[in-house]
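These notes concern the structure reproduced below.
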Amino acid sequence: STLFPYTTLFRSGCHLQSGSRNDRLRRRLGAKPNDRIVLSVGRLAREKNLELLLGALAIASDETLRLVVAGEGPHKDELVRCARSLGLLERVRFLGVVEQEKLPDLYASADVFAMPSTTETQGIVLAEALAAGTRVIAADVPANREVLGIAGRTVAATPEAFAEAFRALPSVGVPDPKARERALGFAVEGQIDRMEALYESLLRQSRIA
């Protein structure tokens, strides 16, 4: 249903902020001037499929790509071991939990937000990334496609497909021109309008019945 992202985001109380690109923050994340930051935000659990991003980073063989992971969870130690086994620890930064008010600048300071999970039921982090103008590469599943619309890029949920998408990223600091436009659809006002339209349509149907 096309109501999926709007109703779930509405219930979540999600408030989107655009954030600002911050070169000082990028340096603290270990990025050099020409490095491109791939960002992941969320709970570190097995179903989030984050090993896929590590595999993609290894396959891409591009020293300018750096992975930043924000979040905590039971799968963190396994992810650290995976990064070490792939020889990626110098290009992967685990931030732990990031305060909500700091996330908009983190999104805006990344060059791409990556969503490898195929099991998401809400597109909150995708909407947050879009609001920051950040490019998005997501696993090609219905929920992700529905949130992204014409923004971002969906690819097969394989390390090879994500690696190819990483290699195709533009130069550092080039936002997605369609991202913020798409994010406007998740603003509170727009969500309220859609919920009202839904209720009105249901009332009309009940009267007809």
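Going by our numbering, the first residue of the sequence shown is number 49, and it counts up by one from there. Where a beta carbon is used, it is the ideal one built from N, C-alpha and C, also for glycine.
Residue i, DSSP secondary structure in three states
i              : result
valine 128     : helix
leucine 115    : strand
arginine 69    : coil
glycine 103    : helix
isoleucine 85  : strand
isoleucine 172 : helix
alanine 162    : strand
serine 219     : coil
alanine 108    : helix
alanine 79     : coil
glutamate 95   : helix
glycine 212    : Note that residue 212 is glutamate in the sequence shown here, rather than glycine. Three-state DSSP puts glutamate 212 in a helix.
Nearest residue (CA-CA) to residue i, options the options
i              : options                        : result
valine 203     : Ala187, Leu154, Ala211         : Ala187
proline 190    : Thr182, Ala180, Leu251, Arg201 : Arg201
proline 218    : Val146, Leu137, Ala158, Glu138 : Ala158
leucine 105    : Asn82, Val184, Pro152, Ala213  : Ala213
valine 222     : His123, Val116, Thr182, Phe161 : Thr182
aspartate 83   : Val145, Leu232, Glu138         : Glu138
arginine 278   : Arg129, Arg114, Asn97          : Residue 278 cannot be examined here, being either before or after the span of the chain that is shown, 49 to 257.
aspartate 125  : Ala156, Val116, Ala93, Val146  : Ala93
isoleucine 172 : Arg75, Ala231, Leu73           : Ala231
valine 117     : Pro207, Glu99, Gly135, Leu143  : Leu143
aspartate 141  : Ser133, Gln148, Glu149, Val128 : Looking at the sequence provided, one finds arginine at residue 141 rather than aspartate. It is Val128.
leucine 102    : Gly135, Pro152, Gln148         : Gly135
glutamate 229  : Ile185, Ala209, Pro122, Ala175 : Ala175
Cβ-Cβ separation, residue j to residue i (assumed contact under 8 Å), whole Å
i           : j           : result
alanine 283 : alanine 131 : Residue 283 lies beyond the stretch modelled for the chain, which goes from 49 to 257, so this question has no answer here.
alanine 180 : serine 88   : In fact, because the Cβ distance is near 14 Å, the residues do not count as touching under 8 Å.
alanine 199 : leucine 178 : 6 Å
is_contact[residue i, chain B] using C-beta, thresh 7 Å
i           : result
alanine 175 : Reference to chain B is not applicable here, since this structure consists of a single protein chain.
Discussion item. Can you confirm whether the segment 191-201 touches the segment 160-171 when touching is taken to mean that 3 or more C-beta pairs between the two stretches lie within less than 8 Å?
Written reply: At 8 Å Cβ cutoff, the stretches touch.
Worksheet entry | Runs of alpha helix (DSSP H) wholly within the segment 175-207 (minimum 4 residues, chain order) | Listed in chain order, the complete alpha helix (DSSP H) runs (minimum 4 residues) inside the segment 175-207 are 190-196.
Practice prompt. Can you check the segment 132-161 for any beta strand (DSSP E) of at least 3 residues that lies completely inside it and give the ranges in chain order?
Written response: Every beta strand (DSSP E) stretch that sits fully inside the segment 132-161 and reaches 3 residues is listed by chain position as 140-144.
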